[in-house]
Amino acid sequence: MTMLKALLITPVLAASFGALAATIQVQAVSQHLHILTAQDYGTNIGVFKSPDGVVLIDPMPGKTNLAQLSKTVSEIHHKPVTHILNTHNHEDHSGGNAYFMERGAQLVEGDVKLAGFSRVMVKSHTSVDNIFYHKPSNTIFVGDVFDTSWHPTFYAGGVEGFKDAIEIILQIGDEQSVIIPGHGAVSNKASLREFRANTLLWVDTVRAFRKKSYSVEKIMAENESKKIVARFNVQGKVPFLPDTAYKRFVERTIQVIEQEENKGGE
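In terms of mature numbering (1 follows the signal peptide of the UniProt record, and there is no 0), the sequence shown is residues -21 to -1, 1 to 245.
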């Protein structure tokens, strides 16, 4: 059984944690890794059992859920959190750092020397995106470089930074590696390739409409635009994007295109 198939049955495996973490969902990936999520942010929080202790990745379930997160981790491993890793510095991923550091955990920045872990830095969602690979569980935490619950947000690295980041992720591990996005359902490399193709199609489509002098509103209204955006709705949300978010997505994409055009003209 592949690890991704195993993940599909983890709600049953995780049912025993229900009473402990009513506000936090628990997925047992392997003997080394659990993924915890809470409704406030939907951030995928990694909880690892390693020779170095209990390691958390992106421990932010929402300010009001930090105590519950700590309790859930203790119930899983019966040990306190010893180390923290962040995929990037946005509040919905790093906002719980201080809570656990005040209780003795160490924030690991830069080179990661924890057993079983490796780190690669890319520039896509933010200027510093950390990709963490955990070899014992064959999982790759990619932060918001890849999101299965939202549209792509490649604004810091632009199109080239996004393409470079995805290619680097695809070179890590093997084809059976489980990819943990910043938010949304766990995924795999085939889905990541599809996400890349859809993102590049989106940019090319907006670029073509912009050359026709279409307004933001006209781009939003085009059926072609709507069809591409719908491809990112892998969880079948209704509605997927509020109009304000959809408009912002178009505007930010245009900004990326303009920045790259200006850079090319220098």
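C-beta: ideal position from N, C-alpha, C; glycine also.
Next item on the list: Could you please give the first and the last residue of the uninterrupted beta strand (DSSP E) stretch that includes residue 246?
Entry: Examination of residue 246 is not possible in this model, given that the chain is present from -21 through 245 alone.
Check: Between which two residues does the beta strand (DSSP E) harbouring Q6 extend?
Finding: By one-based count along the sequence shown, residue 6 stands at place 27. Counting along the chain, the beta strand (DSSP E) containing Q6 begins and ends at I3 to A7.
Next item on the list: Pull up the distance between the alpha-carbon of F125 and that of L171, whole angstroms please.
Entry: The residue labelled residue 125 in the question sits at position 146 within the sequence shown. The residue labelled residue 171 in the question sits at position 192 within the sequence shown. C-alpha separation (whole angstroms): 8 Å.
Next item on the list: Give the secondary structure of H72 by DSSP, where H, G and I count as helix, E and B as strand, and everything else as coil.
Entry: Here residue 72 refers to the residue found at position 93 when the sequence shown is read from its first residue. The three-state reading of DSSP puts H72 in helix, counting H, G and I together.
Notebook entry, point to check: Is it right to say V60 is buried, meaning 16 or more other beta carbons lie within 10 angstroms of its own, or is it exposed?
Noted result: As a position in the sequence shown, residue 60 is number 81, starting the count at 1. Residue environment for V60: buried (at least 16 other C-beta atoms within 10 angstroms of its C-beta).
Check: Assuming H62 contacts A84 under a Cβ cut-off of 8 Å, what Cβ separation, rounded to an integer in Å, is found between them?
Finding: Reading the sequence shown from its first residue, position 83 is the one you call residue 62. Reading the sequence shown from its first residue, position 105 is the one you call residue 84. With a Cβ gap of about 6 Å, H62 and A84 count as contacting.
Next item on the list: State the beta-bridge partners of N109 as determined by DSSP.
Entry: Residue mapping note: residue 109 aligns to position 130 of the sequence shown, counting from 1. In the DSSP assignment, the residues bridged to N109 are M100.
Note to self: Considering only the alpha carbon of each residue, which of V33, V34, Q47 and Q155 lies closest to T16?
What the structure shows: Reading the sequence shown from its first residue, position 37 is the one you call residue 16. Of V33, V34, Q47 and Q155, the residue nearest in Cα terms is Q47.
Next item on the list: Please state whether DSSP places Q10 in a helix, a strand or coil.
Entry: Reading the sequence shown from its first residue, position 31 is the one you call residue 10. It is coil, neither helix nor strand.
Next item on the list: Can you tell me which of Q150, I24, S29 and R189 puts its alpha carbon nearest to the alpha carbon of S204?
Entry: The residue labelled residue 204 in the question sits at position 225 within the sequence shown. Comparing Cα positions, the closest option is R189.
Item checked: Own chain residues within Cβ distance below 8 Å of Q10, not counting five before or after -> Counted from its first residue, the sequence shown places residue 10 at position 31. Same-chain partners within the cutoff: K28.
Notebook entry, point to check: Helix, strand or coil: which one does DSSP assign to G243?
Noted result: If you number the sequence shown from 1, residue 243 lands on position 264. Three-state result, G243: helix.
Checklist line | P40 versus S128, G152, D31 and T2, residue with shortest Cα-Cα distance | finding: Position 61 of the sequence shown, counted from the first residue, corresponds to residue 40. The candidate whose alpha carbon is nearest that of P40 is T2.
Check: Tell me, which residues are paired with F120 by DSSP?
Finding: As a working mapping, residue 120 is identified with position 141 in the sequence shown. In DSSP, F120 forms a bridge with F111 and I159.
Next item on the list: Please name the residue, chosen from S106, L179 and I55, that lies closest to N68 on a Cα-to-Cα basis.
Entry: Here the question's residue 68 lines up with position 89 in the sequence shown. The shortest Cα separation from N68 among S106, L179 and I55 belongs to S106.
Notebook entry, point to check: What residues are listed by DSSP as bridge partners for H62?
Noted result: Mapped onto the sequence shown, residue 62 falls at position 83. Answer by DSSP bridge pairing, in chain order: V34 and Q85.
Margin query: Quick check: what's the CA-CA separation for E154 versus S192?
Written below: For the purposes of this step, residue 154 is taken as the residue at position 175 of the sequence shown. For the purposes of this step, residue 192 is taken as the residue at position 213 of the sequence shown. Put simply, the backbone Cα of E154 is about 42 Å away from that of S192.
Check: Taking Cβ to Cβ, would you say D108 is nearer than 7 Å to G161?
Finding: By 1-based counting over the sequence shown, the position of residue 108 is 129. By 1-based counting over the sequence shown, the position of residue 161 is 182. Contact check for D108 against G161 fails: the beta carbons are separated by 7 Å or more.
Notebook entry, point to check: Given 8 Å as the limit, is there contact between the segment 206 to 226 and the segment 126 to 142, that is, 3 or more CB pairs closer than that?
Noted result: These segments touch.
Notebook entry, point to check: Among residues of its own chain, excluding the 5 on either side of Q234, which ones have a beta-carbon nearer than 8 Å to its beta-carbon?
Noted result: Your numbering for residue 234 matches position 255 in the sequence shown. Taken in chain order, the residues that qualify are Y134.
Checklist line | Under 7 Å between C-beta atoms of I159 and T118 | finding: As a working note, residue 159 is residue 180 in the sequence shown. As a working note, residue 118 is residue 139 in the sequence shown. Inclusion of I159 and T118 in the CB contact set at 7 Å is warranted, their separation being smaller than that value.
Margin query: Checking the sheet assignment: what are the DSSP bridge partners for A17?
Written below: Counting from one through the sequence shown, the residue named residue 17 turns up at place 38. DSSP lists I3 as partners of A17.
Next item on the list: In the DSSP assignment, find the alpha helix (DSSP H) that holds K50 and state where it starts and stops.
Entry: On the sequence shown, residue 50 is found 71 positions in, with the first residue counted as 1. Going by DSSP, K50 is part of the alpha helix (DSSP H) stretching over L45 to H56.
Check: For the candidate residues V26, G140, Q214 and R231, whose alpha-carbon lies nearest to that of R186?
Finding: Position 207 of the sequence shown, counted from the start, is the residue given in the question as residue 186. Nearest C-alpha to R186 among V26, G140, Q214 and R231: R231.
Checklist line | Cut-off 6 Å between Cβ atoms - residues of its own chain near N76, not counting five sequence neighbours on either side | finding: One-based indexing of the sequence shown puts residue 76 at position 97. If you ignore the 5 residues before and after N76, its C-beta comes within less than 6 Å of the C-beta of I63 and L86, all in its own chain and listed in chain order.
Note to self: Taking the beta carbon of K206 as the centre, do at least 16 other beta carbons fall within 10 Å, making it buried, or is it exposed?
What the structure shows: Here the question's residue 206 lines up with position 227 in the sequence shown. It is exposed - the Cβ of K206 has fewer than 16 other Cβ atoms within 10 Å.
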